[in-house]
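A.B. asks: Here's a structure for you.
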Amino acid sequence: MRYFEEARTIWKTKVPSNGQADTVEGELLRAVEKLRWEAQGNGNINWDDGFEILVSFLQAHLLDATVYPDDVLTSTRAILSKMSATDWPVVEDGPYDELGDRVVEWYLHYGTRLHAGNPKLLR
1 MRYFEEARTI
11 WKTKVPSNGQ
21 ADTVEGELLR
31 AVEKLRWEAQ
41 GNGNINWDDG
51 FEILVSFLQA
61 HLLDATVYPD
71 DVLTSTRAIL
81 SKMSATDWPV
91 VEDGPYDELG
101 DRVVEWYLHY
111 GTRLHAGNPK
121 LLR
């Protein structure tokens, strides 16, 4: 992971111990780690609409052509597509670490943005 320290700072300062984050960058990192935990810890057995919401949230922010070059967008799109194929959980750390780097890059580009939360998201 290229931006480990920056991601750790976001995790410690912007991700609550439970519930959704108040900032977009916090919620993006929380989403990445929720997906990692479900795949690695549970083999996606609990996959439901909540995880689909998390993937959609990541797609909405991490596929931003004003932040990322085409090759990064292609890679991110492929990772998120693989994660959505719930029958084959992504258990390697690499793809999640790459998404973590994308979160930090998003944050470095936009700074802190407030996140209103999604009332349909119960994870």
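Be aware that the sequence shown starts at 1, since it is given in full-length UniProt numbering, and climbs by one per residue. Don't be surprised by glycine CBs; every beta carbon is placed ideally from N, CA and C. Given the structure is predicted, the values throughout are model-derived calculations rather than measurements.
By DSSP's criteria, Leu-114 is part of a beta bridge. Which residues make up the other side?
C.D. replies: Bridge partners of Leu-114: Thr-23.
A.B. asks: Applying the 10 Å Cβ sphere with the 16-neighbour rule, what's the burial state of Leu-44?
C.D. replies: One detail in the question is off: residue 44 reads as Asn in this sequence, not Leu. Looking at its Cβ environment, which holds 16 or more other Cβ atoms inside 10 Å, Asn-44 is buried.
A.B. asks: Are the region 22-29 and the region 53-63 touching, with three or more C-beta to C-beta distances below 8 Å?
C.D. replies: At 8 Å Cβ cutoff, the stretches touch.
A.B. asks: Is it true that the CB of Gln-20 sits closer than 8 Å to the CB of Gly-117?
C.D. replies: Contact flag set, yes.
A.B. asks: Out of Val-32, Phe-51, Arg-8, Gly-111, point me to the one whose CA is closest to Tyr-96's CA.
C.D. replies: It is Val-32 whose Cα lies nearest to the Cα of Tyr-96.
A.B. asks: So does the region 71-86 actually touch the region 34-48, counting three or more Cβ pairs closer than 8 Å?
C.D. replies: Contact holds: three or more Cβ-Cβ distances are below 8 Å.
A.B. asks: Who are the near neighbours of Val-91 in its chain, counting only those whose CB is closer than 6 Å to its CB and skipping five residues on each side?
C.D. replies: Correct list, in chain order: Ala-39, Gln-40.
A.B. asks: Apply the 10 Å Cβ neighbour rule to Phe-57 and answer buried if 16 or more other Cβ atoms are within range, or exposed otherwise.
C.D. replies: Its Cβ being crowded by 16 or more others within 10 Å, Phe-57 is buried.
A.B. asks: Thinking C-alpha only, which one of Thr-66, Tyr-107, His-115 is nearest Arg-8?
C.D. replies: Checked all of Thr-66, Tyr-107, His-115; the closest Cα to Arg-8 is Tyr-107.
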